[in-house]
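Per this note's numbering, the sequence shown starts with residue 3, numbered consecutively.
Here is the structure we will look at.
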Amino acid sequence: MGTASNDHLVAATLSSVEGELNYLKAGQGRPVSYTFEPPPGVPWVTGELEPRRVAIRDGRPLVALRELSLDRSGFTQISHRSVVADFSHDGAIRDIYYREAEALLRDVTGAEKIVVFDHTLRDSAQGSRRTAALREPVRRVHNDQTFVSAPRRVRAHLPPEEAEERLKHRFAIVNLWRPLATVERLPLALCDARSIAFEDMVPSDLVYPDKVGETYSFTWNPKHRWYWFPRLRPDEALLLKIYDSREDGTARFTAHTAFEDPTGAPEAPPRRSIELRALVFWPAE
Numbered sequence: 003m004g005t006a007s008n009d010h011l012v013a014a015t016l017s018s019v020e021g022e023l024n025y026l027k028a029g030q031g032r033p034v035s036y037t038f039e040p041p042p043g044v045p046w047v048t049g050e051l052e053p054r055r056v057a058i059r060d061g062r063p064l065v066a067l068r069e070l071s072l073d074r075s076g077f078t079q080i081s082h083r084s085v086v087a088d089f090s091h092d093g094a095i096r097d098i099y100y101r102e103a104e105a106l107l108r109d110v111t112g113a114e115k116i117v118v119f120d121h122t123l124r125d126s127a128q129g130s131r132r133t134a135a136l137r138e139p140v141r142r143v144h145n146d147q148t149f150v151s152a153p154r155r156v157r158a159h160l161p162p163e164e165a166e167e168r169l170k171h172r173f174a175i176v177n178l179w180r181p182l183a184t185v186e187r188l189p190l191a192l193c194d195a196r197s198i199a200f201e202d203m204v205p206s207d208l209v210y211p212d213k214v215g216e217t218y219s220f221t222w223n224p225k226h227r228w229y230w231f232p233r234l235r236p237d238e239a240l241l242l243k244i245y246d247s248r249e250d251g252t253a254r255f256t257a258h259t260a261f262e263d264p265t266g267a268p269e270a271p272p273r274r275s276i277e278l279r280a281l282v283f284w285p286a287e
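The following block contains the structure:
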């Protein structure tokens, strides 16, 4: 690993693309997004977006230097091959892939307990939003959890007494994002947590058929530093820190979004991916 000055030198010379990212326009009310087809006349998403063209750097060299990591930047890229060959079978995902993810996250984080609580299959093909098993890639800057919703997740997925005890100590929510084919369209852009200000985050409603969750939308900040991992393969994956209760400067959130790769071919196949979400618990310190 290089010195801090060397790391900054590498960051300054990384190859990059210029991409258009959709931020929430500042000064609006609370945005609302639906995970299912909303009632007639109700939009899928509210909140006016503000497209911004930003430099998005190749993150692979900085992962090699350990400058990008879960606790420093809020995300990292790893090499990991799943034994699951067909992700269209929900049983294989829950019985095999969940166990793989638990072992992987325990190894990467050193955590005591991992609880995988859901997953999402995404397909950028037109019309996939209306397919119950699939969702389209999200093309606006967001983070899946907030200071309010993250503790709710713990209480929703653990017995009451254990949940309250776990909430006294460090816990996190980490997403494991894997492409199901080499990514040629709509890759993920990820924002270095060290470049995000609290004022950039806007609590937003995420409506499910049976409940309303809370996520963060983000307003534009010229200090944001964006990264991507070109042509990510199925034997690679991304880890995203969606929440961390630690307050010592450790990365706590990862703003992210899909974006149009300006170097991609117009005829490139749709992006297909699986995103798995897990609660991560450490022992009492």
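C-beta: ideal position from N, C-alpha, C; glycine also.
Query, Result
"Along the chain, where does the beta strand (DSSP E) containing R274 start, and where does it finish?", "R274 to F283"
"Please name the residue in R279, E186, S75 and S197 whose C-alpha comes closest to that of P268.", "E186"
"In whole angstroms, what is the alpha-carbon distance linking R124 and A183?", "12 Å"
"Classify F261: buried if its beta carbon has 16 or more other beta carbons within 10 angstroms, exposed otherwise.", "buried"
"Are A280 and E104 close, meaning C-beta to C-beta below 9 Å?", "yes"
"For L169, which three-state DSSP category applies?", "coil"
"Just checking my contact of V86 with Y99 at CB under 8 Å: how many whole Å lie between their CB atoms?", "5 Å"
"Does the Cβ-Cβ distance between P181 and P264 come in under 9 Å?", "no"
"According to DSSP, what are the bridge partners of G100?", "Just to set this straight, residue 100 is Tyr in the shown sequence, not Gly. The partner list for Y100 (beta bridge, DSSP) is empty, contrary to what the question assumes."
"Can you tell me whether G93 is helix, strand or coil according to DSSP?", "helix"
"What is the DSSP secondary structure of P268, reduced to helix, strand or coil?", "coil"
"Once the 5 residues before and after W179 are set aside, which same chain residues still bring their CB inside 7 Å of it?", "L190, A239, L240, L242, S275 and E277"
"Assign A199 to one of two classes, buried (16 or more other C-beta atoms within 10 Å of its C-beta) or exposed (fewer than that).", "exposed"
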